[in-house]
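Asker:
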Amino acid sequence: MGRYAIRRLLQLIPVLLGTTFLINYMVWQLPGDPFAARCGQRPCPDAYINAMRAEFGLDQPIIVQYWHFLKNLLTGDLGVNFNNVSVASQLAESWPITVRLGLMAVAIEAVIGIVAGVLSGLKRGGFLDNVITISTLILLSLPVFVTGFLLQWLLGVQLDLIKPTVSDGAPFVELIVPAFVLASLNLAFTARLTRTSIIENRRSDYVRTAIAKGLSNRRVVGVHLLRNSLIPALTFIGTEVGSLMSGAIITEGIYNINGIGGLLWRAVNDHDFTIVVPIASLLVLVYLLANLLVDLLYGVLDPRIRYE
Amino acid sequence: MTEVLPESKSSNGTYGGALLEVDNLHVEFHTRAGVAKAVNGVTYSVNAGETLAVLGESGSGKSVTAQTIMGILDMPPGKIANGEIRFRGTDLLKLPEEERRKVRGEGIAMIFQDALSALNPVFPVGWQIAEMFRIHRGMSRADAKKKAIELMDRVRIPAAKERVSDYPHQFSGGMRQRIMIAMSIALDPEVLIADEPTTALDVTVQAQIMELLAELQRESNMGLILITHDLGVVADVADKIAVMYGGRIVENAEVHDLYRNPAHPYAKGLLESIPRVDLKGQELYAIKGMPPNLLDMPTGCAFHPRCPYRQEKCVTDVPPLHTISGTRGSACHFWREVLDGDAQ
């Protein structure tokens, strides 16, 4: 298990190198010059553009630029952005907010999704099952931005239960509704996966054995059935952490949360690669680590695929 | 051993009947295609130290009867339409679920055909055996684990101490069935139901498992219900046989009587379809036709479409279980002819 984890961690290095290079390369495939449009109504003078290009190293070949990026990354110096503000400080401000939002979303989708899935799977065809199946279908068919605007309008504007937008510092209570919005799609999927898995495993031989052993219904379901049925749901939740991060950009936009989503959005519009590249790289890293974690967790949950 | 089993509730306080009695049991499955009558009035019994073999092909109702005894039948679609299952005189079907649960594992235990799927894949085998002691006897984890190792030793799993933390998929088929057996005998049940315990195993392992079961039975004087479709397995270990066909018992007999001279055409057909060395080279006998469709049972005797002794009466009248002598019975209108052997 330990060796496996180390091997997997080492495998991350080439993947990270490849993806960060692609990110560096591709920001330059965006149309337009980042400095040409920074002088208000009139075109910028060539002297200014050239000076800025030289300052940020854009006059050098892409390989050299990439080398500088790596060197800066390893020394922890992310430099300043085009407006001369420290990149690291901007990331440090916005990153924790997005992480908080993301973790809350994962918690919501795991808890509500699994509980709903178990309840509906155990009483298949019952009233609760129908309610859950229909409501997850609604969530699945709505894009995140629709759910987001809808709840903002309904809870924030019409009913005045929440603040329509999140205040600075993003306090926990105000993040609940945005986190639910962010989690909604995955929540519905988790509930359905768990439901299917419960229904399938309920008729399995080992559950029959557990009943024949004279165990209480609670123990049969809570220990024998649940442990097996959670495997697909947890795998799904883990692998979808990456997509949750990209969904965060939309959710942060709707609720005006100052996380990396907003930062990234503004940076892309400004062609400010000094921000885009580190954030995109960070997202790649999160995605890779989440996947690694899922693979390791999978082995813990299911001994049949435990790594030697 | 602590006595937690329900005591006999008969009026005189003592119970003279058999340890476990299935009495006129009817089980139906309600499906969209109609009502499948899987068990139609099955009656059998087993005493302490006795082995009853229940013989029959797939769909004959032998496993459904066993599952009903254990209370692990899927209901719905299953439904117990009629009958009693008396364990030490108490009708299990009338017991509240909580008391029924205490009988499972303590009083009656069961082992299944496919031990790989019957054991939980995500828990160590020792944990699964120890669970019996922890839940039923309230033992600590450490004590229960010790007991689990003892049991694994008792069913002769090599290096039990080292293997107690292994998972089911790390064992061979025969070893897995031994673990299943260890789990089932953990609480010294009075009746053990073995539902095709050796069907998924190869022949040499089959013999070992049957030997183990016979030995454990001798040691603890359990009643054993052995469900099988394999006549070869039955001959060595069983005391009496109930042959099932289409949800009914068609012949009840002591093992030797049945093998010497079957009294039902189906039992006779089964015996004749066993390959024999002295008939090598000749075509093997096979019972013609297909097992009956439970949704659309033949009229009269369920076996009549396949029966070489068929007469008009068989198509119209359901044969009762005729008593031949003592406990021996045959559900055939023409059991005398079958016994005399003038077939076809």
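Listed in order, the protein sequences are those of chains A and B. Residue 75 is where the first sequence starts when you use the numbering used here, and the numbers rise one by one after that. Residue -10 is where the second sequence starts when you use the numbering used here, and the numbers rise one by one after that. Note that the Cβ used here is the ideal one computed from N, Cα and C, for glycine as well.
Terminal residues of the continuous beta strand (DSSP E) containing K26/B?
Answerer: Position 37 of the second sequence, counting from 1, holds the residue named residue 26/B. Looking at the DSSP string, the run of the beta strand (DSSP E) that includes K26/B is 23 to 35.
Asker: State the DSSP-derived secondary structure class of S258/A, mapped to helix, strand or coil.
Answerer: The count along the first sequence starts at 1 and reaches residue 258/A at position 184. Taken through DSSP and simplified to helix, strand or coil, S258/A comes out as helix.
Asker: Is it buried or exposed, R90/B, if we count other Cβ atoms within 10 angstroms and call 16 or more buried?
Answerer: Within the second sequence, residue 90/B is the residue found at index 101, counting from 1. Classification of R90/B: buried, given that the 10 Å Cβ count is 16 or more.
Asker: How would you list, in chain order, the residues of chain A whose beta-carbon sits under 9 Å from the beta-carbon of G162/B?
Answerer: For the purposes of this step, residue 162/B is taken as the residue at position 173 of the second sequence. The premise fails here: G162/B is roughly 14 Å from chain A at the closest Cβ pair, so nothing lies under 9 Å.
Asker: Thinking C-beta only, is M172/B closer than 9 Å to L140/B?
Answerer: By 1-based counting over the second sequence, the position of residue 140/B is 151. By 1-based counting over the second sequence, the position of residue 172/B is 183. It is a contact, given that the beta carbons lie within the stated cut-off.
Asker: According to DSSP, is A242/B helix, strand or coil?
Answerer: Your numbering for residue 242/B matches position 253 in the second sequence. Three-state DSSP puts A242/B in a strand.
Asker: Using Cβ-Cβ distances below 9 Å, what residues of the segment 55 to 66 of chain B are close to chain A?
Answerer: Residues Q56, M59, G60, I61, D63.
Asker: Judging by CA-CA distance, which residue of A275/B, V43/B, I182/B is the nearest neighbour of P254/B?
Answerer: As a working note, residue 254/B is residue 265 in the second sequence. When each option's Cα is compared against that of P254/B, the closest is A275/B.
Asker: Below 6 Å CB to CB, which residues in the same chain sit around I58/B once its five sequence neighbours on both sides are set aside?
Answerer: Locating residue 58/B in the second sequence gives position 69, counting from the first residue. Excluding five sequence positions before and after I58/B, the CB atoms of its chain that fall closer than 6 Å to its own CB belong to I74, given in chain order.
Asker: Of all the residues that make up the segment 115 to 134 of chain B, which are near chain A by a beta-carbon distance shorter than 8 Å?
Answerer: E120, M121, I124, H125
Asker: Closer than 9 Å, CB to CB, is P377/A near chain B or not?
Answerer: For the purposes of this step, residue 377/A is taken as residue 303 along the first sequence, with counting starting at 1. P377/A counts as touching chain B.
Asker: Can you name the start and end residues of the alpha helix (DSSP H) that S320/A belongs to?
Answerer: For the purposes of this step, residue 320/A is taken as the residue at position 246 of the first sequence. Residues 315 to 328.
Asker: Would you say F292/B faces chain A, with C-beta separation under 9 Å as the test?
Answerer: Taking the second sequence and counting its residues from 1, the one referred to as residue 292/B is at position 303. No, because no Cβ of chain A sits closer than 9 Å to the Cβ of F292/B.
Asker: With 9 Å as the limit, tell me which residues of the segment 279 to 297 of chain A have their beta carbon closer than that to any beta carbon of chain B; keep them in chain order.
Answerer: From the segment 279 to 297 of chain A, only D279, Y280, V281, R282, T283, A284, I285, A286, K287, G288, L289, S290, N291, R293, V297 have a Cβ closer than 9 Å to chain B.
Asker: Could you confirm whether any beta carbon from chain A is found closer than 9 Å to the beta carbon of Y156/B?
Answerer: Here residue 156/B is taken as the residue at index 167 of the second sequence, counted from 1. So yes, Y156/B belongs to the interface.
Asker: Looking at chain A, is there any beta carbon in it that lies within less than 9 Å of the beta carbon of A171/B?
Answerer: Residue numbering aside, residue 171/B sits at position 182 when the second sequence is read from its first letter. No, A171/B does not count as interfacial toward chain A.
Asker: Residues in its own chain within less than 7 Å of E326/B by CB, not counting five upstream and five downstream?
Answerer: Position 337 of the second sequence, counting from 1, holds the residue named residue 326/B. Cβ within range, chain order: Y298.
Asker: Using 8 Å for Cβ pairs, my map puts K51/B next to L283/B. What's the rounded Cβ distance?
Answerer: Working through the second sequence from its first residue, we reach residue 51/B at position 62. Working through the second sequence from its first residue, we reach residue 283/B at position 294. With 8 Å as the limit, K51/B and L283/B do not qualify as a contact, their Cβ atoms being about 13 Å apart.
Asker: For I324/A versus V218/A, is the C-beta spacing smaller than 9 Å?
Answerer: Here the question's residue 324/A lines up with position 250 in the first sequence. Here the question's residue 218/A lines up with position 144 in the first sequence. Cβ atoms of I324/A and V218/A: closer than 9 Å.
Asker: Beta-carbon separation of L289/A and E95/B under 9 Å?
Answerer: Here the question's residue 289/A lines up with position 215 in the first sequence. Here the question's residue 95/B lines up with position 106 in the second sequence. Contact: no.
Asker: Short of 7 Å Cβ to Cβ, which residues in the segment 301 to 315 of chain A face chain B?
Answerer: R301, N302
Asker: Would E204/B be called buried (16 or more neighbouring beta carbons within 10 Å of its own) or exposed?
Answerer: As a working mapping, residue 204/B is identified with position 215 in the second sequence. Burial call: exposed.
Asker: Starting from the beta carbon of R277/A, find every residue of chain B whose beta carbon is closer than 8 Å, and list them in chain order.
Answerer: Residue 277/A sits at position 203 when you count from the first residue of the first sequence. Those within 8 Å of R277/A in chain B are D63.
Asker: Could you say if the segment 307 to 326 of chain B and the segment 235 to 255 of chain B meet the contact criterion of at least three C-beta pairs nearer than 8 Å?
Answerer: With a cut-off of 8 Å, the segment 235 to 255 of chain B and the segment 307 to 326 of chain B count as touching, because enough Cβ pairs lie within range.
Asker: What is the DSSP secondary structure of L375/A, reduced to helix, strand or coil?
Answerer: On the first sequence, residue 375/A is found 301 positions in, with the first residue counted as 1. In the structure shown, L375/A sits in a helix (DSSP, three-state: H, G or I).
Asker: Assuming the contact rule is C-beta atoms closer than 8 Å, G150/A and H142/A should be a hit. Round their C-beta distance to whole Å, please.
Answerer: For the purposes of this step, residue 150/A is taken as residue 76 along the first sequence, with counting starting at 1. For the purposes of this step, residue 142/A is taken as residue 68 along the first sequence, with counting starting at 1. Their Cβ separation, rounded to whole angstroms, is 14 Å, which puts G150/A and H142/A out of contact at 8 Å.
Asker: Between Q206/B and the rest of its own chain, which residues show a CB-CB distance below 6 Å, the 5 nearest in sequence each way excluded?
Answerer: For the purposes of this step, residue 206/B is identified with residue 217 of the second sequence, where counting begins at 1. Cβ within range, chain order: L213.
Asker: From the DSSP output, which residues share a beta bridge with F76/B?
Answerer: Residue mapping note: residue 76/B aligns to position 87 of the second sequence, counting from 1. L9/B, T79/B, per the DSSP bridge assignment.
Asker: On a Cα-Cα basis, can you pick out the residue from D369/A, A166/A, I305/A, L337/A that is closest to S320/A?
Answerer: Stepping through the first sequence from its first residue, residue 320/A is reached at position 246. When each option's Cα is compared against that of S320/A, the closest is L337/A.
Asker: Measuring CB to CB, does P280/B end up less than 9 Å from E87/B?
Answerer: As a working mapping, residue 280/B is identified with position 291 in the second sequence. As a working mapping, residue 87/B is identified with position 98 in the second sequence. Not closer than 9 Å, so no.
Asker: In terms of residues, what are the limits of the beta strand (DSSP E) holding V180/B?
Answerer: Here residue 180/B corresponds to residue number 191 of the second sequence, with the count starting at 1. DSSP places V180/B inside the beta strand (DSSP E), whose first and last residues are 180 to 184.
Asker: So does the segment 283 to 295 of chain B actually touch the segment 233 to 249 of chain B, counting three or more Cβ pairs closer than 8 Å?
Answerer: yes
Asker: If contacts are defined as beta-carbon pairs under 8 Å, then T54/B and L14/B qualify, I think. What distance do you get, rounded to the angstrom?
Answerer: On the second sequence, position 65 is the one that residue 54/B refers to. On the second sequence, position 25 is the one that residue 14/B refers to. At roughly 6 Å, the Cβ-Cβ gap stays under 8 Å, so T54/B and L14/B are in contact.
Asker: Between R295/B and the rest of its own chain, which residues show a CB-CB distance below 7 Å, the 5 nearest in sequence each way excluded?
Answerer: Against the second sequence, residue 295/B aligns to sequence position 306. So the qualifying residues of the chain are I276, K277, G278.
Asker: Between the Cα of V138/A and the Cα atoms of R174/A, W169/A, Y99/A, which residue gives the shortest distance?
Answerer: Working through the first sequence from its first residue, we reach residue 138/A at position 64. The shortest Cα separation from V138/A among R174/A, W169/A, Y99/A belongs to Y99/A.
Asker: Is DSSP giving V43/B helix, strand or coil here?
Answerer: Taking the second sequence and counting its residues from 1, the one referred to as residue 43/B is at position 54. DSSP places V43/B in the strand class (E or B) of the three-state scheme.
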